[in-house]
Amino acid sequence: MNSLSVLIKRNTKLFFRDKGMFLTSLITPGILLLLYSTFLGNVYKNSFISSMPEGITLSDEILNGVVGGQLLSSILAVSCVTVAVSCNMLMVQDRANGSLNDLMMTPVKRSTLALGYYFATLISTLIICFAAVALGLAYIAFSGWYMSLGDVLWLCLDVLLLVMFGTALSSVINFFLSTQGQIAAVGTIVSSCYGFICGAYMPISQFSPGLQKAVSLLPGTYGTALVRTHSLRGVFGEMERIGVPEKVLDEMETAVDSNLYFFGSKVSVGAMFGVLSATVAVLVGAYVLLNIICKKKNK
Amino acid sequence: MKNVIEIKDLNKSFGDVKAVNGLSFRVKEGELFAFLGVNGAGKSTTINIISGQLAKDSGSVFVGGNDMDVSPDAIKSELGVVFQSSVLDKSLSVRDNLETRAALYGIYGDEFKKRLDELAQMLSFSDLLKRTVGKLSGGQRRRIDIARALIHRPKILILDEPTTGLDPQTRNILWNVINDLRKNEDMTVFLTTHYMEEAADADYVVILNSGRLVAEGTPLELKNKYSGDYVTVYGIDENTAKNMNVPYEKIRDGYRLSVPNTEKATELIVRFPTVFKDYEITKGKMDDVFLAVTGKKLGGGNEQ
């Protein structure tokens, strides 16, 4: 067992034993569940029914499959980032309560400490998010299952990539925080705002054109579009099979953000993966760079 | 005895505040070194620089012959630090905490178990190993803090106000352990404390004021230099005390006379032999030294 694995074990254990951090990380998925179960689910269902051309009737199973796919993709799009931010708060807590000083008293390298937080956050967030995937898939299986094994595997890849993005983003943000007050403020802002700007609470297609262009510049948007695409591909395929016109389907996919446009041009799934992967690489690079600069400054 | 810590012309500022100002001192191997000063005098800043937590502005720091600028990791392996407040993970068990810290020094498996047993016996915490640190009492937690500082067998133990807020019994246990470590393992102890009776037992004392070294020496040297002696004479009246022409104060069974040093006390006794039938001569205390040097009182965190 080396220093890095010891730190990852310690950080992961601390996260799951700290009820405050653990419960805070579940606030956003909780809000989404509440929104969908109280009114958003019905709003979407009615919206789909009314947007269908005359002569085409969708079964309850298909409608439930669409709403379930939206619920699952919204929860995953937002949780992968907000849960990562909560998990990574340990880095700030350690700084605030002096534990980081104690860890830095040991000969362990600063870069190893930084990676310890990154990988522990990654693992904790993946555990929670894959649990959410399992629960969500179980819900969809119960309400209306149209996903293929391929869709499920792509969805898992999306989640992995989004969690890596959330972890890298939170590592950079949290690097600058040092007090409990800052932890609370950032946690609240991210939990409440990220769901909106990534299109989890409300589809981006319903934003004003200006706002749509602005959020298309944010890499998280492409993560949302990826999970939307793979959660709903099966049910849209079924709708195509039963004769829903392609134009109507395309409009529906745009309405739920499965189709995403960057200044008028449709973004392909490959490009979405590319944007998200490149962002992860840039953020991890920035995190490493910050640690190197900080080390040099302390010398 | 060789020097294990050597600080030369150390400077550190935070904005306009000079926290450490041209500080130089040395600590010899195996000695109990007391580092005194009111809050804000620069003690913690100096400790943080020695332990590699804080960058210095200028000056040099050598620990165990290693230059802080060249080999900070070698210095970290030589040092064990007990911080002012516990920095262990409160939601993890005592064992988990110590296992994590030990692993960061490369101590695993059987080697860790052996060291854990030694420390648990030495500091009497075998029954606490499975308890979470957050649920321990202040004294119990302090013992675990010390175990953590000793987990890698450091040569130098830095204790930053280790006994503040502890009950007398726990203070005694801690001091017995520290004395045993010094005796059996030739460990150097670098101590900051608010308790002057602890500083009085030190081999060497350095007093800081506003980031500067204002006095240093053995407790005896400091007492001789900065505080006088007291001659307590029992069974005399005030007129007799007054006739000796030295400052005095009334105590329950007689009068306490203040003299500059022991030589003057002897002169006084020779001059008034009939008065000194029942008496005792005592040196001034470290509190007097501290007051004389800094103009401030030090004690239990209530500096004035």
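Chains A and B, in that order, are what the protein sequence lines are.
Following our numbering, the numbering of the first sequence begins with 8 at its first residue and continues without gaps.
Following our numbering, the numbering of the second sequence begins with 11 at its first residue and continues without gaps.
Just so it is clear, CB atoms sit at the ideal spot from N, CA and C, and this is done for glycine as well.
If you draw a straight line from the C-alpha of L167/A to the C-alpha of L120/A, how long is it?
In the first sequence, counting from the first residue as 1, residue 167/A sits at position 160. In the first sequence, counting from the first residue as 1, residue 120/A sits at position 113. In a straight line, the C-alpha of L167/A is about 22 Å away from that of L120/A.
Taking 7 Å as the CB-CB cut-off, is R24/A touching chain B?
By one-based count along the first sequence, residue 24/A stands at place 17. Yes, its Cβ sits closer than 7 Å to a Cβ of chain B.
Strictly below 8 Å CB to CB, what residues from chain A border Y115/B?
What you label residue 115/B is simply residue 105 of the second sequence in a count that begins at 1. In chain order: T113, P114.
If we ignore side chains and look at the alpha-carbon of each, how far apart do W185/B and Q131/B end up?
Locating residue 185/B in the second sequence gives position 175, where the first residue counts as 1. Locating residue 131/B in the second sequence gives position 121, where the first residue counts as 1. Cα-Cα distance, rounded: 15 Å.
Tell me, please, which residues DSSP counts as bridged to N18/A.
By one-based count along the first sequence, residue 18/A stands at place 11. None; N18/A has no bridge partner.
Does the pairing of the region 28-38 of chain B with the region 186-194 of chain B give three or more beta-carbon distances under 8 Å?
Taking 8 Å as the limit for Cβ pairs, the verdict is that the region 186-194 of chain B does not touch the region 28-38 of chain B.
Please state whether the Cβ-Cβ distance between G238/B and P270/B is less than 7 Å.
Counting from 1 along the second sequence, the entry for residue 238/B is found at position 228. Counting from 1 along the second sequence, the entry for residue 270/B is found at position 260. Result yes, Cβ atoms of G238/B and P270/B sit closer than 7 Å.
Selection from N181/A, G143/A, S80/A that minimises the alpha carbon distance to V197/A
Taking the first residue of the first sequence as 1, we reach residue 197/A at position 190. Out of N181/A, G143/A, S80/A, N181/A has the C-alpha closest to the C-alpha of V197/A.
Sequence-distant residues of the same chain with beta carbon closer than 8 Å to K11/B, five excluded per side
Numbered from 1 along the second sequence, position 1 holds the residue referred to as residue 11/B. In the sequence as presented, Lys is not what sits at residue 11/B; that position holds Met. Once the five neighbours on either side are set aside, the close Cβ partners of M11/B are K38, E39, G40, E41.
Taking 6 Å as the limit between beta carbons, can you name the residues of its chain near L290/A, skipping five residues before and five after?
Here residue 290/A refers to the residue found at position 283 when the first sequence is read from its first residue. Setting aside the 5 residues that flank it on each side, L290/A is surrounded in the same chain by A175, L176, V179, each with a C-beta closer than 6 Å to its C-beta; the list follows chain order.
Just tell me which of D26/B, F282/B, K86/B has its CA closest to the CA of L160/B.
Residue mapping note: residue 160/B aligns to position 150 of the second sequence, counting from 1. If we check each option's Cα against that of L160/B, K86/B comes out closest.
Just to make sure I have the definition right: I need the residues of chain B whose C-beta is within less than 7 Å of the C-beta of V309/A. Which are they?
Nothing can be reported for residue 309/A: it is not among the residues displayed for chain A, which extend from 8 to 306.
Which of the three DSSP states is assigned to D67/B in this structure?
Within the second sequence, numbered from 1, the residue matching residue 67/B stands at position 57. Coil.
Looking at the C-beta of D155/B, does it have a partner C-beta in chain A at a distance below 7 Å?
Locating residue 155/B in the second sequence gives position 145, where the first residue counts as 1. Output row for D155/B: interface = no.
What residues from chain A crowd round V97/B, counting only those whose CB sits closer than 8 Å?
Taking the first residue of the second sequence as position 1, residue 97/B is located at position 87. What V97/B touches in chain A: N104, G105, S106, N108, D109.
First through last residue of the alpha helix (DSSP H) which encompasses M235/A
By 1-based counting over the first sequence, the position of residue 235/A is 228. Looking at the sequence provided, one finds Arg at residue 235/A rather than Met. That run of the alpha helix (DSSP H) goes 226-248.
Counting beta carbon pairs with one atom in the region 150-170 of chain B and one in the region 195-204 of chain B, are three or more of them shorter than 8 Å?
Cβ pair count under 8 Å is three or more, so yes.
Tell me, please, whether the region 78-95 of chain A touches the region 136-145 of chain A by the rule of three or more beta-carbon pairs shorter than 8 Å.
yes
Taking C-beta to C-beta, are A127/A and T19/A nearer than 7 Å?
Within the first sequence, residue 127/A is the residue found at index 120, counting from 1. Within the first sequence, residue 19/A is the residue found at index 12, counting from 1. Closer than 7 Å, so yes.
Confirm, please, whether the CB-CB distance from Y153/A to G241/A is below 7 Å.
Indexing the first sequence from 1 puts residue 241/A at position 234. Indexing the first sequence from 1 puts residue 153/A at position 146. Going by beta carbons, G241/A and Y153/A fall inside the 7 Å limit.
Can you pull the chain B residues whose beta carbon is under 7 Å from the beta carbon of S10/A, in chain order?
The residue labelled residue 10/A in the question sits at position 3 within the first sequence. The answer, in chain order, is A113, L114.
With DSSP collapsed to three states, give me the class of I82/A.
Working through the first sequence from its first residue, we reach residue 82/A at position 75. Note: I82/A maps to helix in three-state DSSP.
Is the separation between the beta-carbon of K66/B and that of K28/B shorter than 7 Å?
Taking the first residue of the second sequence as position 1, residue 66/B is located at position 56. Taking the first residue of the second sequence as position 1, residue 28/B is located at position 18. Not in contact: K66/B and K28/B (Cβ atoms no closer than 7 Å).
C-beta atoms of G221/B and N76/B nearer than 7 Å
Taking the first residue of the second sequence as position 1, residue 221/B is located at position 211. Taking the first residue of the second sequence as position 1, residue 76/B is located at position 66. No; because the gap between Cβ atoms is not below 7 Å, this pair is not in contact.
Give the secondary structure of N312/B by DSSP, where H, G and I count as helix, E and B as strand, and everything else as coil.
Position 302 of the second sequence, counted from the start, is the residue given in the question as residue 312/B. Unreliable placement is indicated for N312/B, whose pLDDT of 42 sits below 50; the coordinate value is still reported in the next sentence. Note: N312/B maps to coil in three-state DSSP.
Straight-line CA distance for L138/B to A148/A?
The residue labelled residue 138/B in the question sits at position 128 within the second sequence. The residue labelled residue 148/A in the question sits at position 141 within the first sequence. Computed Cα separation, rounded: 49 Å.
Residues that L167/B contacts on chain A, provided the C-beta gap is smaller than 8 Å
For the purposes of this step, residue 167/B is taken as the residue at position 157 of the second sequence. Here the premise fails: no neighbours, minimum Cβ distance about 12 Å.
Entirely within the region 222-252 of chain B and at least 4 residues each: give me those alpha helix (DSSP H) ranges in chain order.
229-236
Listed from N- to C-terminal order along the chain, which residues in the region 273-299 of chain A have their beta-carbon within a distance smaller than 8 Å of any beta-carbon of chain B?
none
Considering just the uninterrupted stretch of the alpha helix (DSSP H) at S23/B, what are its terminal residues?
Sequence index remark: in the second sequence, residue 23/B carries index 13 (1-based). From DSSP, S23/B is part of no alpha helix (DSSP H) but of the beta strand (DSSP E) over 13-24.
Inter-residue spacing [alpha-carbon to alpha-carbon] between G72/A and G143/A:
Locating residue 72/A in the first sequence gives position 65, counting from the first residue. Locating residue 143/A in the first sequence gives position 136, counting from the first residue. Using only the alpha carbons, I get a separation of about 11 Å.
Just verifying my parser: in three-state terms, what is the DSSP assignment at A212/B?
Position 202 of the second sequence, counting from 1, holds the residue named residue 212/B. Reduced to three states, the DSSP call for A212/B is coil.
Quick check on T261/A: does DSSP put it in helix, strand or coil?
Start at 1 with the first residue of the first sequence, and residue 261/A comes out as number 254. T261/A: helix per DSSP, three-state reduction.
Buried or exposed: where does R153/B fall if 16 or more other Cβ atoms within 10 Å of its Cβ makes it buried?
For this step, residue 153/B is matched to residue 143 along the second sequence. Counting the other Cβ atoms within 10 Å of the Cβ of R153/B gives 16 or more, which makes it buried.
Residue environment, T195/A, which counts as buried when at least 16 other CB atoms sit within 10 Å
For the purposes of this step, residue 195/A is taken as the residue at position 188 of the first sequence. By the 10 Å Cβ count, T195/A comes out exposed.
With contact counted as at least three CB pairs below 8 Å, one residue from each stretch, are the region 42-51 of chain B and the region 200-208 of chain B in contact?
yes
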